[in-house]
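Have a look at the structure below, then the notes.
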């Protein structure tokens with residue numbers, strides 16, 4: 039049961055890093071791809087409504103981590119509090135910008151989306167660097183943390199650029215295609231490559247955690263793991279349905 043819980047946690051976490059990293063990267067690229075009010079509106083609209091279902095993967099991972107590995111969760115969150123604070127702050131700022139943009143705010147909301155995306159992506163980089171450290175419950179040294187964070191920032195930028203070629207239209211799409219290669223294939227190939235690198239990095243970071251040694255008791259696992267397994271098909275179905283709806287034009291990238 040412990041092994042199944044670890045596998046599910048890894049699947050949820052990798053799912054968020056790959057999917058959520060794409061819309062974070064697109065938010066980071068907002069000033070580059072959207073240089074006018076209309077272009078920025080089009081770019082921000084491309085993140086809707088997918089970021090909502092992307093975040094469900096993170097909620098699922100956090101819930102499983104807290105329920106199935108409560109002791110380790112306490113050690114990690116307390117030991118890496120200085121890392122989690124900017125990460126969560128960036129996440130909240132980015133999401134606030136997206137909602138305020140939907141409510142009609144203009145440049146101020148765009149700055150929140152872009153700045154929050156950079157802060158959250160940097161937080162993820164520092165977290166991954168800390169998990170790859172000798173002690174997964176202490177922040178990593180500044181030098182190693184800075185290098186890993188820089189790599190993750192560049193990875194998210196490239197990931198968001200490939201995502202942009204699938205979601206944008208008009209001039210922002212043309213800019214994204216010039217950076218990834220002419221036509222749609224360059225963007226798709228870039229997205230596949232960055233997805234693979236992101237997933238590998240997430241697995242390597244998670245593998246450093248002593249998960250099986252800190253698993254909850256059998257009673258808790260027999261409740262949490264089946265519930266997570268039951269929720270997984272629903273999550274996948276909802277995600278595929280939303281992507282299909284977006285591709286059919288149910289949600290247009292050019293309008294919220």
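In the numbering used here, the protein residues as written are 39 to 294. All C-beta atoms, glycine included, are put in the ideal place defined by N, C-alpha and C. Since this is a predicted model, take the numbers as computed values, not measurements.
ask   = With C-beta atoms as the reference, is residue 186 less than 9 Å away from residue 167?
value = Indexing the chain shown from 1 puts residue 186 at position 148. Indexing the chain shown from 1 puts residue 167 at position 129. A contact, by the Cβ cut-off of 9 Å.
inquiry  = Using 8 Å for Cβ pairs, my map puts residue 80 next to residue 207. What's the rounded Cβ distance?
reply    = Position 42 of the chain shown, counted from the start, is the residue given in the question as residue 80. Position 169 of the chain shown, counted from the start, is the residue given in the question as residue 207. Yes, residue 80 and residue 207 are in contact; Cβ-Cβ is about 7 Å, under 8 Å.
request  = Answer yes if the segment 61 to 79 comes into contact with the segment 250 to 261, meaning at least three C-beta pairs across the two stretches below 8 Å, and no otherwise.
outcome  = no
ask   = Can you tell me whether residue 279 is buried or exposed, with buried defined as 16 or more other CB within 10 angstroms of its CB?
value = Your numbering for residue 279 matches position 241 in the chain shown. Looking at its Cβ environment, which holds fewer than 16 other Cβ atoms inside 10 Å, residue 279 is exposed.
inquiry  = For residue 161 and residue 120, which I take to be in contact (beta-carbon distance under 8 Å), what is that distance rounded to the nearest angstrom?
reply    = Reading the chain shown from its first residue, position 123 is the one you call residue 161. Reading the chain shown from its first residue, position 82 is the one you call residue 120. That pair is no contact at about 10 Å.
ask   = Where does the unbroken alpha helix (DSSP H) through residue 131 begin, and where does it stop?
value = By one-based count along the chain shown, residue 131 stands at place 93. Start and end: 119 to 140.
query = Assuming residue 199 contacts residue 228 under a Cβ cut-off of 8 Å, what Cβ separation, rounded to an integer in Å, is found between them?
reply = Residue mapping note: residue 199 aligns to position 161 of the chain shown, counting from 1. Residue mapping note: residue 228 aligns to position 190 of the chain shown, counting from 1. About 6 Å separates the two Cβ atoms, so the contact holds.
Test item: CB-CB of residue 88 and residue 155 under 9 Å = Position 50 of the chain shown, counted from the start, is the residue given in the question as residue 88. Position 117 of the chain shown, counted from the start, is the residue given in the question as residue 155. No.
ask   = What are the boundary residues of the alpha helix (DSSP H) that residue 83 is part of?
value = Numbered from its first residue, the chain shown carries residue 83 at position 45. It spans 75 to 83 - the alpha helix (DSSP H) in which residue 83 sits, taken as one unbroken run.
request  = From the DSSP output, in three-state form, read off residue 41 for me.
outcome  = Here residue 41 corresponds to residue number 3 of the chain shown, with the count starting at 1. Three-state result, residue 41: helix.
ask   = So, using beta-carbon positions, are residue 136 and residue 82 closer together than 9 Å?
value = Your numbering for residue 136 matches position 98 in the chain shown. Your numbering for residue 82 matches position 44 in the chain shown. Contact: yes.
key: Terminal residues of the alpha helix (DSSP H) in which residue 157 lies   = The count along the chain shown starts at 1 and reaches residue 157 at position 119. Per DSSP, residue 157 belongs to the alpha helix (DSSP H) from 145 to 169.
ask   = Counting Cβ pairs, one atom from each stretch, are 3 or more of them under 8 Å apart for the segment 87 to 104 and the segment 46 to 56?
value = yes
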